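>
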Amino acid sequence: MNILVVTGSISEQSNNRRIARWFDKHYGERVDLKHLPLVLVPMFNQDIEENPPAEVQDMRRLFKEADGVVMIAPEYNHSIPGVLKNLLDWTSRVEPVLKDKPVFVLGGSTGRFGTLRGQIHLTQILNSPGIGAKLFGRQVQVDLVDQKFTPEGDCTDERMERSITRAMEAFLASING
Ligand SMILES: Cc1cc2nc3c(=O)[nH]c(=O)nc-3n(C[C@H](O)[C@H](O)[C@H](O)COP(=O)(O)O)c2cc1C
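When we follow the numbering used here, the leftmost residue of the sequence shown carries the number 167, and every step to the right adds one.
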């Protein structure tokens, strides 16, 4: 099974990348995990959407090849990071590569409320007519992410690890149908 991991932060020190590394460690051998290189995606511009740069074509291919997407999104100013919105705008036009694609949404914040507010925006965007993703019913908000995940991608909080594992297992089972 092909699973595409989209991490909505381009920071080298990203705490959400810690969560992405956790997926590598725990699912890297069971499924074919690929990561979308968000940093390479250019700014959306309608003038070039029919004939976009190679990076956009590569991005579209990664989505098309994926059986499911794990979207790990930080919360920036009670919403999603601009780089992630930019990617989603690309996916909504010309080739609707997220249409009916199973997407599991989670995310980590250093605050105590996790990414709840950002995820409200993210799910609204994923449900927009141009995108029309098939949202998985369970989402996970990781609060205090810098305390619960090490830079190497280990989760030090048993309850959180259980919660992500259960959700991911159910997500994979839902794809297998
Ligand atoms: C521009 C910016 C805005 C932020 N806004 C929020 C916020 O609204 N809610 C929150 O819980 N944390 C917020 N934070 C703190 C983030 O949770 C924290 O920096 C987290 O590590 C971001 O994820 P990343 O490291 O993967 O980029 C913000 C951080 C930045 C840089």
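Glycine included, each C-beta is placed from N, C-alpha and C at the ideal position. Small disclaimer: the values here were computed from a predicted structure and weren't measured.
1. What residues match up with residue 307 in a beta bridge as DSSP calls it?
2. In chain order, what residues of the same chain have a beta carbon less than 8 Å from the beta carbon of residue 232, not counting five sequence neighbours either side?
3. Between which two residues does the alpha helix (DSSP H) holding residue 349 run?
4. Can you tell me whether residue 175 is buried or exposed, with buried defined as 16 or more other CB within 10 angstroms of its CB?
5. Report all residues for which the CB-ligand distance to some heavy atom of ligand 1 is below 5 Å; order them along the chain.
6. Looking only at its chain, what residues have a beta carbon closer than 8 Å to the beta carbon of residue 209, apart from the 5 residues adjacent to it on each side?
7. Quick one: give me the first and last residue of the alpha helix (DSSP H) that residue 257 is part of.
8. Using three-state DSSP, classify residue 284 as helix, strand or coil.
9. In whole angstroms, give me the CA-to-CA distance for residue 217 and residue 193.
10. Closest by CA to residue 299, which one among 230, 282, 318 and 335?
11. Taking contact to mean at least 3 C-beta pairs separated by less than 8 Å, is the stretch 319-327 in contact with the stretch 280-290?
12. Secondary structure at residue 169, three-state DSSP: helix, strand or coil?
13. Let me make sure I understand the geometry here. Which of 302, 196, 339 and 205 has the alpha-carbon closest to that of residue 222?
14. Given residue 293, which residues of its chain have a CB within under 8 Å of its CB, disregarding the five upstream and five downstream residues?
15. Terminal residues of the continuous alpha helix (DSSP H) containing residue 236?
16. Quick one: using the 10 Å Cβ neighbour count with 16 as the cut-off for buried, is residue 316 buried or exposed?
17. Near residue 226, which residues of its chain fall below 7 Å by C-beta distance, leaving aside the five closest residues on each side in sequence?
18. Less than 8 Å between the CB atoms is what I'm expecting for residue 338 and residue 305, so what's the real figure, rounded?
19. In its own chain, which residues sit with a C-beta less than 8 Å from the C-beta of residue 278, not counting the 5 before and 5 after it?
Looking at the coordinates:
1. BP columns for residue 307 point to 273.
2. Within the same chain, residue 232 has close Cβ partners 168, 169, 170, 200 and 267.
3. In this structure the chain extends from 167 to 343, so residue 349 is not present and cannot be described.
4. It counts as buried.
5. Counting every residue whose Cβ lies closer than 5 Å to a heavy atom of ligand 1, we get 175, 177, 180, 181, 182, 240, 241, 242, 243, 244, 275, 276 and 277.
6. Excluding sequence positions up to five before and after residue 209, its CB lies within less than 8 Å of the CB of 252, all in the same chain and listed in chain order.
7. Start and end: 248-257.
8. In this structure, DSSP gives residue 284 a helical state, which the three-state scheme calls helix.
9. The alpha-carbon atoms of residue 217 and residue 193 are separated by roughly 35 Å.
10. Comparing Cα-Cα distances from residue 299 to each of 230, 282, 318 and 335, the minimum goes to 230.
11. Put simply, the stretch 319-327 does not touch the stretch 280-290. Fewer than three CB pairs are less than 8 Å apart.
12. Of the three classes helix, strand and coil, the one that applies to residue 169 here is strand, per DSSP.
13. The residue with the shortest Cα to Cα distance from residue 222 is 205.
14. Leaving aside the five residues that flank residue 293 on each side, the residues in its chain whose CB is nearer than 8 Å to its CB run, in chain order, 299 and 301.
15. Per DSSP, residue 236 belongs to no alpha helix (DSSP H); it is in the beta strand (DSSP E), 234-238.
16. By the neighbour-count rule (16 or more Cβ atoms within 10 Å), residue 316 is not buried but exposed.
17. Correct list, in chain order: 261 and 263.
18. The C-beta distance from residue 338 to residue 305 rounds to 16 Å, too long to fall under 8 Å, and the pair is not in contact.
19. Contacts found: 309 and 310.
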